[in-house]
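J.:
Residue numbers (my numbering): 4 to 161.
1) Return the residue from the list 92, 67, 32, 69 that minimises the CA-CA distance to residue 24.
2) On the criterion of 16 or more Cβ atoms from any shown chain inside 10 Å, does residue 79 qualify as buried, or is it exposed?
3) Comparing C-alpha positions only, which one of 113, 106, 102 sits nearest to residue 53?
4) Would you kindly work out how many angstroms separate the C-alpha atoms of residue 110 and residue 34, rounded to a whole number?
5) I believe residue 40 touches residue 104 by the beta-carbon criterion, under 8 angstroms. Please report the beta-carbon distance rounded to the nearest angstrom.
6) In the DSSP assignment, find the beta strand (DSSP E) that holds residue 108 and state where it starts and stops.
7) Residue 72 lies in the beta strand (DSSP E); which residues open and close that run?
8) Short check: CB of residue 83 to CB of residue 12, under 8 angstroms?
9) With a cut-off of 8 angstroms on the beta carbons, I'd call residue 27 and residue 86 a contact; round off their distance for me.
10) Does the distance from the C-beta atom of residue 112 to that of residue 16 stay below 8 angstroms?
11) With DSSP as the reference, identify every bridge partner of residue 14, one or two as the case may be.
12) If I follow the unbroken alpha helix (DSSP H) through residue 61, where does it start and stop?
13) Taking the C-alpha atoms as reference points, what is the distance between residue 100 and residue 64?
14) In whole angstroms, what is the alpha-carbon distance linking residue 145 and residue 107?
15) Should residue 136 be labelled buried (16 or more other beta-carbon atoms within 10 Å of its own) or exposed?
16) For residue 94 and residue 59, what's the separation of their Cα atoms in angstroms?
17) Check whether the Cβ atoms of residue 55 and residue 98 lie closer than 8 angstroms to each other.
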């Protein structure tokens with residue numbers, strides 16, 4: 004079953020660590036692929052699509068552009084607004100449990116369509132920011148350990 008028009012473009016798989024710590028970018032389109040424990044029939048798929056179309060704008064200020072179900076998979080294109088991916092990915096299994104489905108896997112892709120260089124630049128900027136944050140935390144941890152000293156005794160620093 005298909006609802007809406009699938010957004011054409013290249014799909015870039017977003018790393019799980021990035022998705023769990025990042026927010027979506029306003030205006031970017033993401034494809035979310037969900038694998039469930041059993042086949043999704045058309046009636047159940049329609050119920051899920053209606054619930055998502057109603058709840059996504061209310062809870063996450065996001066828009067459902069496309070919904071497809073075939074076999075054990077649900078594919079949807081979502082237009083991003085600044086929302087936390089971790090919140091959305093925790094919420095999706097709750098919605099699917101209401102209709103008796105268990106989520107086995109969720110993958111998130113960035114859809115690069117109209118201006119691939121702009122989308123790539125935005126993605127690169129987000130990844131650079133996340134990497135910079137990681138390096139800053141590592142540096143703070145290293146400095147803290149150096150100040151504590153070898154024996155674990157705090158050495159006063161002036």
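Glycine residues also receive a C-beta, built at the ideal position from the N, C-alpha and C atoms.
T.: In short:
1) What you label residue 24 is simply residue 21 of the chain shown in a count that begins at 1. Answer by Cα proximity: 92.
2) As a position in the chain shown, residue 79 is number 76, starting the count at 1. Label assigned to residue 79: buried.
3) Here residue 53 refers to the residue found at position 50 of the chain shown. Cα-wise, what sits closest to residue 53 is 102.
4) As a first step, residue 110 is located in the chain shown; it is residue number 107 there, counting from the start. As a first step, residue 34 is located in the chain shown; it is residue number 31 there, counting from the start. Cα-Cα distance, rounded: 8 angstroms.
5) In the chain shown, residue 40 corresponds to position 37, counting from 1. In the chain shown, residue 104 corresponds to position 101, counting from 1. Between residue 104 and residue 40 the Cβ distance is about 7 angstroms, and since that is below 8 angstroms, they are a contact.
6) To locate residue 108, count along the chain shown from 1; it is residue 105. Here the beta strand (DSSP E) through residue 108 covers 106-115.
7) Start at 1 with the first residue of the chain shown, and residue 72 comes out as number 69. First-last of the beta strand (DSSP E) with residue 72: 66-73.
8) Counting from one through the chain shown, the residue named residue 83 turns up at place 80. Counting from one through the chain shown, the residue named residue 12 turns up at place 9. It is not a contact, given that the beta carbons lie outside the stated cut-off.
9) Against the chain shown, residue 27 aligns to sequence position 24. Against the chain shown, residue 86 aligns to sequence position 83. Their Cβ separation, rounded to whole angstroms, is 5 angstroms, which keeps residue 27 and residue 86 in contact under 8 angstroms.
10) The residue you call residue 112 lines up with position 109 of the chain shown. The residue you call residue 16 lines up with position 13 of the chain shown. Yes, they are a contact pair.
11) The residue you call residue 14 lines up with position 11 of the chain shown. According to DSSP, which records beta bridges pairwise, residue 14 is partnered with 114.
12) Here residue 61 corresponds to residue number 58 of the chain shown, with the count starting at 1. 45-63 is the extent of the alpha helix (DSSP H) around residue 61.
13) Counted from its first residue, the chain shown places residue 100 at position 97. Counted from its first residue, the chain shown places residue 64 at position 61. Cα-Cα distance, rounded: 22 angstroms.
14) The residue labelled residue 145 in the question sits at position 142 within the chain shown. The residue labelled residue 107 in the question sits at position 104 within the chain shown. Distance between the alpha carbons of residue 145 and residue 107: 38 angstroms.
15) Working through the chain shown from its first residue, we reach residue 136 at position 133. Exposed, because fewer than 16 other Cβ atoms sit within 10 Å of the Cβ of residue 136.
16) Sequence index remark: in the chain shown, residue 94 carries index 91 (1-based). Sequence index remark: in the chain shown, residue 59 carries index 56 (1-based). Between residue 94 and residue 59, the C-alpha separation is close to 10 angstroms.
17) Residue mapping note: residue 55 aligns to position 52 of the chain shown, counting from 1. Residue mapping note: residue 98 aligns to position 95 of the chain shown, counting from 1. A contact, by the Cβ cut-off of 8 angstroms.
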